[in-house]
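Residue numbers (the numbering used here): 333 to 699.
For every residue, glycine included, the Cβ atom is placed at its ideal position computed from N, Cα and C.
All of these numbers come straight from a predicted model, not from anything done at the bench.
Since the structure comes first, as structure tokens, the remarks are kept for the end.
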């Protein structure tokens, strides 16, 4: 493969505080055969002005500005406008390290039949960078199976190969709002080869106004809908009402039913052939943690205690969380206090293993 044109798809909605850092990180890439498709989705802040100022000094930026239509419509519009053989996703509040595109282009050169490629991330928390843990390298059938259970790549790290992916499948589906990436990745991984680079190439910004934070409940509900569809299609679950119901409302009844459903799924997976069983077991374990986080997010220790007891999975959570939840089963107020303390300890631990964000924003890479 000769040096391909890379189209960087950058949707923007009221990203003024972060947009300059995101744009600058793409324009400073050590791979320069690129275009930026910047779509201003009806922003009401200064995002369009920032785009126009950057466009004056770098004609690799193409600007589309119109009324607000939402993220999925914006992403599909960007895919239609992109001219590159490779299409890279980027969010307007993240920072790409300088080698991001060159590293991913090299992977496609080495594997021309590859359809999509993701990478690891660090986390940008205020003025600190938290080093992301290395991701295992998922390949082949393992990646296809895992894509049934969770979003296999962080969305802004993905690059699509349009030489391989048919146009009729490379689109985001409005039926899966706020989990549109999960839906697309499962469809692509089911048909095409995909890979993960075991290297952190993005600083992923965490802030209260992010799409993930603003639409967490709907995202979780849609996520469970997708998992249910996948398991039904795979013949591993004839009934998934229990999974869908807990996405709609977390209660004692839905927790109990979801726990029983999960145990039944594990029993069916235990009877699968040895060559695929470990991958399905890994996916089911991820589903357990997803449900655990969903339930514990309600901040009702009794519900979390019920889920762990019925699934017999107390040993899968951290020791201090076990102490908190067992205490909370007898004195809920004490459980809530302990949970708050645990979150503070976690936040402090993240801070201690972080580096200043200025290191990234000035040089493009944490040291």
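Secondary structure at residue 438, three-state DSSP: helix, strand or coil?
Within the chain shown, numbered from 1, the residue matching residue 438 stands at position 106. Secondary structure of residue 438 (DSSP, three-state): helix.
Restricting to runs no shorter than 4 residues, where is the alpha helix (DSSP H) found entirely within the segment 440–520?
Residue ranges of uninterrupted alpha helix (DSSP H) with 4 or more members, entirely inside the segment 440–520 and ordered along the chain, are 472–478.
State the CB to CB distance for the pair residue 428 and residue 528, rounded to an integer number of angstroms; the pair is presumed to be in contact (CB under 8 Å).
For the purposes of this step, residue 428 is taken as the residue at position 96 of the chain shown. For the purposes of this step, residue 528 is taken as the residue at position 196 of the chain shown. Between residue 428 and residue 528 a beta carbon distance of about 17 Å is seen, past the 8 Å cut, so the two are scored as non-contacting.
If I measure Cβ to Cβ from residue 552 and keep anything under 7 Å in the same chain, skipping five residues before and after, which residues do I get?
Translated into the one-based positions of the chain shown, residue 552 becomes position 220. Around residue 552: 579 and 626.
Can you tell me where the alpha helix (DSSP H) with residue 551 in it begins and where it stops?
Locating residue 551 in the chain shown gives position 219, where the first residue counts as 1. 548–566 is the span of the alpha helix (DSSP H), which, as asked, contains residue 551.
Measure from the alpha carbon of residue 642 to the alpha carbon of each residue in 436, 589, 651 and 601, then state which is nearest.
In the chain shown, the residue the question calls residue 642 occupies position 310. If we check each option's Cα against that of residue 642, 589 comes out closest.
Helix, strand or coil for residue 343, going by three-state DSSP, please let me know.
Along the chain shown, one-based indexing puts residue 343 at 11. Residue state, collapsed to three classes: strand.
Give every residue of the same chain whose Cβ lies closer than 7 Å to the Cβ of residue 513, excluding the five residues on either side of it in the sequence, and list them in chain order.
For this step, residue 513 is matched to residue 181 along the chain shown. Closer than 7 Å at the Cβ level, and outside the excluded window around residue 513, lie 483 and 487.
Out of curiosity, what's the CA-to-CA distance linking residue 639 and residue 478?
Along the chain shown, one-based indexing puts residue 639 at 307. Along the chain shown, one-based indexing puts residue 478 at 146. Using only the alpha carbons, I get a separation of about 23 Å.
Does DSSP put residue 523 in a helix, a strand or coil?
In the chain shown, residue 523 corresponds to position 191, counting from 1. Of the three classes helix, strand and coil, the one that applies to residue 523 here is helix, per DSSP.
What's the gap between the Cα of residue 494 and the Cα of residue 447?
As a position in the chain shown, residue 494 is number 162, starting the count at 1. As a position in the chain shown, residue 447 is number 115, starting the count at 1. Going from the Cα of residue 494 to the Cα of residue 447 covers about 7 Å.
Assign residue 421 to one of two classes, buried (16 or more other C-beta atoms within 10 Å of its C-beta) or exposed (fewer than that).
The residue given as residue 421 occupies position 89 in the chain shown. Its Cβ being crowded by 16 or more others within 10 Å, residue 421 is buried.
In or out: residue 412 buried (at least 16 other Cβ within 10 Å) or exposed?
Taking the first residue of the chain shown as 1, we reach residue 412 at position 80. Residue 412 is exposed by the Cβ-count criterion.
Taking only three categories from DSSP, how would you classify residue 536?
As a position in the chain shown, residue 536 is number 204, starting the count at 1. Residue state, collapsed to three classes: strand.
Would you give the residue range spanned by the alpha helix (DSSP H) that residue 425 belongs to?
Working through the chain shown from its first residue, we reach residue 425 at position 93. That residue, residue 425, is in no alpha helix (DSSP H); it is neither H nor E in DSSP.
I'd like the list of long-range same chain contacts for residue 547, defined as Cβ closer than 6 Å, with 5 residues on each side in sequence excluded.
As a working note, residue 547 is residue 215 in the chain shown. Around residue 547, the same chain offers 510 as residues with beta carbons nearer than 6 Å, after the five sequence neighbours per side are excluded.
Residue 409: beta carbon under 6 Å from a heavy atom of the ligand FAD?
Among the ligands in the structure shown, none appear at all, so the ligand FAD cannot be discussed.
Using the C-alpha atoms, what's the distance from residue 408 back to residue 532?
As a first step, residue 532 must be located in the chain shown, where it is residue number 200. As a first step, residue 408 must be located in the chain shown, where it is residue number 76. If you take the alpha carbons of residue 532 and residue 408, they lie about 26 Å apart.
Can you tell which of 623, 612, 344 and 356 has its C-alpha closest to the C-alpha of residue 563?
Numbered from its first residue, the chain shown carries residue 563 at position 231. Looking at the Cα atoms, 612 is the closest of the given residues.
Can you tell which of 423, 649 and 622 has its C-alpha closest to the C-alpha of residue 354?
Against the chain shown, residue 354 aligns to sequence position 22. Of 423, 649 and 622, the residue nearest in Cα terms is 423.
Below 8 Å on the Cβ atoms is my guess for residue 342 versus residue 382; work out the distance and round it to an integer in Å.
Within the chain shown, numbered from 1, the residue matching residue 342 stands at position 10. Within the chain shown, numbered from 1, the residue matching residue 382 stands at position 50. Not a contact, Cβ separation roughly 12 Å.
For residue 404, which three-state DSSP category applies?
As a position in the chain shown, residue 404 is number 72, starting the count at 1. Residue state, collapsed to three classes: helix.
If you count every other CB in all the chains shown that lies within 10 Å of the CB of residue 436, and 16 or more means buried, which is it?
Mapped onto the chain shown, residue 436 falls at position 104. Classification of residue 436: buried, given that the 10 Å Cβ count is 16 or more.
Quick check on the DSSP output: the alpha helix (DSSP H) that includes residue 370 runs from which residue to which?
Numbered from its first residue, the chain shown carries residue 370 at position 38. Where residue 370 is concerned, there is no enclosing alpha helix (DSSP H), although the beta strand (DSSP E) it sits in stretches over 366–373.
In three-state terms, what does DSSP make of residue 387?
Counting from one through the chain shown, the residue named residue 387 turns up at place 55. Helix.
My guess is that residue 404 and residue 506 are in contact by the Cβ rule of under 8 Å, so how many angstroms apart are they, rounded?
As a position in the chain shown, residue 404 is number 72, starting the count at 1. As a position in the chain shown, residue 506 is number 174, starting the count at 1. The beta-carbon separation of residue 404 and residue 506, rounded to 5 Å, stays under the 8 Å limit for a contact.
Which residue's Cα is closest to the Cα of residue 628: 646, 621 and 636?
On the chain shown, residue 628 is found 296 positions in, with the first residue counted as 1. That would be 636, whose Cα lies nearest to the Cα of residue 628.
Please classify residue 518 as buried or exposed, where buried requires at least 16 neighbouring CB atoms within 10 angstroms.
In the chain shown, the residue the question calls residue 518 occupies position 186. Under this definition residue 518 is a buried residue.
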